[in-house]
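Have a look at the structure below, then the notes.
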Amino acid sequence: MAAMTVRGLSDETHRALKLRAARHGRSAEAEVRAILDAAVADEGRVLLGSLMADIGHAAGGIELETLRARAPHVPVDLG
């Protein structure tokens, strides 16, 4: 996992960061990670499963009948 050092952070920003972290119940470091994750998240990204569901709904959808095997599960012997 990557690491980063932020130099030149003002005392005011550092205090505000610690207060924000306390409000969210996490450490200042965890708060910085959450802020950075949110800042770089691709909000326009479409997840494949969501896209496929949307296409299915637009096409009228279908009902799938799923059948589950009734045979007992036999664990694999790795020994």
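Position 14 (the sequence shown) corresponds to 14 in the UniProt record's numbering; numbering is contiguous. Glycine included, C-beta positions come from ideal geometry on N, C-alpha and C.
Classify residue i as helix, strand or coil using the three-state DSSP reduction.
i: Met52; result: helix
i: Arg26; result: coil
i: Ala34; result: helix
Which residue marks the beginning of the alpha helix (DSSP H) containing residue i, and which one marks its end?
i: Thr66; result: Taken as a continuous stretch (DSSP letters only), Thr66 belongs to no alpha helix (DSSP H), as it is neither H nor E.
i: Asp42; result: Taken as a continuous stretch (DSSP letters only), Asp42 belongs to no alpha helix (DSSP H), as it is neither H nor E.
i: Ala16; result: Asp11 to Arg23
Going along the chain, which residues of its own chain have a beta-carbon closer than 8 Å to the beta-carbon of residue i, five neighbours each way excluded?
i: Val46; result: none
i: Gly56; result: Ile62
Measure the CB-CB distance between residue i and residue j and report whether it falls below 7 Å.
i: Arg20; j: Glu31; result: yes
i: Ala2; j: Leu17; result: no
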